[in-house]
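Chemist:
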Amino acid sequence: MLQIRRAERCDAEAAFDIRFQAIQNQCSTVYTNAQVMAWTCVPLTDKYRSWVENDYHLACVNGLPVATGLINLQSGELEAIFVLPKFMGQGIGKKMVTHLEHLARNAGLAEIHLEATLNAESFYQRCGFTASAQAVYNSPSGLQLACVPMRKQLVDLTDLKYLECRAIR
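Residues in the sequence shown are numbered from 1 upward in steps of one, following UniProt numbering.
#1: Can the beta-carbon of alanine 80 be found less than 8 Å from the beta-carbon of threonine 68?
#2: Pull up the distance between the alpha-carbon of glutamine 74 and that of lysine 152, whole angstroms please.
#3: Can you tell me where the alpha helix (DSSP H) with phenylalanine 123 in it begins and where it stops?
#4: Where do the ends of the beta strand (DSSP E) carrying tyrosine 137 lie?
#5: By alpha-carbon positions, which one of Gln35, Ile23, Val30, His57 ends up nearest to asparagine 72?
#6: Apart from the five residues on each side of it in sequence, which residues of its chain come closer than 7 Å, Cβ to Cβ, to valine 52?
#7: For the alpha helix (DSSP H) that glutamate 13 lies in, which residues bound it at each end?
#8: Once DSSP output is grouped into helix, strand and coil, what is the label at proline 43?
#9: Under the assumption that leucine 109 contacts leucine 154 (Cβ atoms under 8 Å), give the Cβ distance between them as a whole number of angstroms.
#10: Measuring only between beta-carbons, confirm whether glutamate 115 sits less than 8 Å from chain C.
#11: Counting along the chain, where does the alpha helix (DSSP H) carrying arginine 105 start and finish?
#12: Count the CB pairs spanning the region 85-92 and the region 118-127 that are closer than 8 Å, and state whether there are at least three.
#13: Could you pull out every unbroken alpha helix (DSSP H) segment of at least 4 residues lying fully inside the region 50-99, listed in chain order?
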């Protein structure tokens with residue numbers, strides 16, 4: 001059974017491993033080996049543990065963490081959507097995105113955005129995101145990777161115009 005829950009500090013090691021395995025498995029088809037190694041061969045830091053504790057959500061199958069994700073409810077940025085390779089293709093990533101979208105809607109966000117890795121662009125398109133021109137992602141560790149900025153409207157803009165008109169009256 002799949003359950004999505006807030007992560008705790010003690011989940012940092014599992015989240016870090018999910019990230020490592022997902023990047024090693026999926027990103028090596030679109031990034032160089034040097035880029036993948038620089039991206040994944042970093043230590044688990046207290047800063048990462050705090051980030052997991054404060055912002056992460058975990059998808060768990062029978063209690064086992066198999067996917068991560070987070071939504072910054074101030075900026076609307078979706079990040080860290082990673083799924084363990086043996087659980088990919090089962091809809092878990094989509095369920096995580098849907099869960100985070102729900103949190104964003106409840107927080108009153110009209111739009112969310114992300115920077116997709118080149119291998120994940122089609123996944124996010126299937127989730128309803130629209131791509132911009134390719135750009136460069138600057139990771140917290142200083143690594144630069146090609147990415148695709150993407151956006152998704154959470155509310156119908158015609159509904160917003162209707163609500164604005166009603167509010168003016």
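Glycine included, each C-beta is placed from N, C-alpha and C at the ideal position.
Just so we're clear, the structure is a prediction, and the values are computed from it rather than from any experiment.
Modeler: Let's see:
#1: yes
#2: Approximately 16 Å between the Cα atoms of the pair.
#3: 121-126
#4: 135-138
#5: His57
#6: The residues Ala7, Arg9, Asp11, Ala12, Ala15, in chain order, have a CB closer than 7 Å to that of valine 52 in the same chain once the five nearest residues on each side in sequence are set aside.
#7: 12-26
#8: coil
#9: 6 Å
#10: The structure shown contains no chain C, having only a single protein chain.
#11: 92-106
#12: no
#13: none
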